[in-house]
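Last residue of the sequence shown: 265 in the numbering used here, with the numbers rising by one and none dropped.
Even for Gly, the Cβ is constructed at its ideal location relative to N, Cα and C.
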Amino acid sequence: MNIIRRLFYLLLLVLVSLLLQCRGKPVPVQYDFYELSFSLDDVGPENSHIPLTNATYAILPVQIDPAFATKKIIVRTASKELEFFSKHLWAEKPSTMIGNLLKSYIEKTKIFGGRPTINWETDADYFIRIHIYQFLILNVTEELEAFLYMELELINNHNNKIVVANLLYSREIVPERNLDAFVQQISQMLKRGFISFENKMREYFEKNKEEITG
Numbered sequence: 052m053n054i055i056r057r058l059f060y061l062l063l064l065v066l067v068s069l070l071l072q073c074r075g076k077p078v079p080v081q082y083d084f085y086e087l088s089f090s091l092d093d094v095g096p097e098n099s100h101i102p103l104t105n106a107t108y109a110i111l112p113v114q115i116d117p118a119f120a121t122k123k124i125i126v127r128t129a130s131k132e133l134e135f136f137s138k139h140l141w142a143e144k145p146s147t148m149i150g151n152l153l154k155s156y157i158e159k160t161k162i163f164g165g166r167p168t169i170n171w172e173t174d175a176d177y178f179i180r181i182h183i184y185q186f187l188i189l190n191v192t193e194e195l196e197a198f199l200y201m202e203l204e205l206i207n208n209h210n211n212k213i214v215v216a217n218l219l220y221s222r223e224i225v226p227e228r229n230l231d232a233f234v235q236q237i238s239q240m241l242k243r244g245f246i247s248f249e250n251k252m253r254e255y256f257e258k259n260k261e262e263i264t265g
């Protein structure tokens, strides 16, 4: 009986030890990640691959207000406070995602014949600058809204003049009350802003033929 009792207490001690070890281990947090994206299939001229200008260009680093610069997905509530989701994050910083989207979009437009320059501080004929002022979810009514406030500029590097500017201030209802729908909505809002900027650049270069051949 003593042997059985000792074995019982030993087994109990082992079980208690294992339970304490399991209790001390932190439970890993599961995150959901979201990425901005849109199709480029409908971007660019249909019948011509001849660029509007042979000039080179560079896309400057994306400027984004600090409140929206991290991987946190920001929500503005009815109290006008900025909040964020604890387990839902952007896959990358918004500046990285938006910069990559803009780069791919501009290349697809075939506006510029010159390649994007690496040494943008001195070499590029034109700079493309983008500033994101606000980039968030509005949760102030029964319906979620996507809110995007951004500015795009084309700058002539030879005289440092802004030759094209496009301001987008857009607030749109998200068709479904979930984050996937919000990401799709704000991605399309970005694309529409890029399209408007593209159209203004085309108009500028078509009216300034002397700069195209220079």
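Reduced DSSP secondary structure (H/G/I, E/B, other) of residue i
i, result
"F84", "strand"
"E204", "strand"
"E193", "coil"
"A216", "strand"
"L199", "strand"
"L187", "strand"
"F245", "helix"
"F256", "helix"
"F178", "strand"
"F233", "helix"
Residue interval of the alpha helix (DSSP H) (run including residue i)
i, result
"I101", "Careful: I101 lies outside any alpha helix (DSSP H) and carries neither H nor E."
"R225", "The sequence shown places Val at residue 225, rather than the Arg named in the question. Here V225 belongs to no alpha helix (DSSP H), and DSSP marks it neither H nor E."
Short Cβ contact (9 Å threshold) for residue i with residue j
i, j, result
"L140", "K122", "yes"
"R127", "V191", "yes"
"Q219", "E202", "At residue 219 the sequence reads Leu, which differs from the Gln that was named. In this structure, E202 lies closer than 9 Å to L219 by Cβ."
"L195", "R166", "no"
"D116", "I183", "yes"
"P112", "S137", "no"
CB contact below 9 Å: residue i versus chain C
i, result
"S247", "Absence of chain C from the displayed structure is noted, only one protein chain being present."
Assumed close pair residue i, residue j - CB separation to whole angstroms, cut-off 8 Å
i, j, result
"S238", "F89", "5 Å"
Please give the ranges of any beta strand (DSSP E) in the stretch 105-166, keeping only runs that are unbroken, at least 3 residues long and fully inside the region.
108-110, 123-128, 133-141
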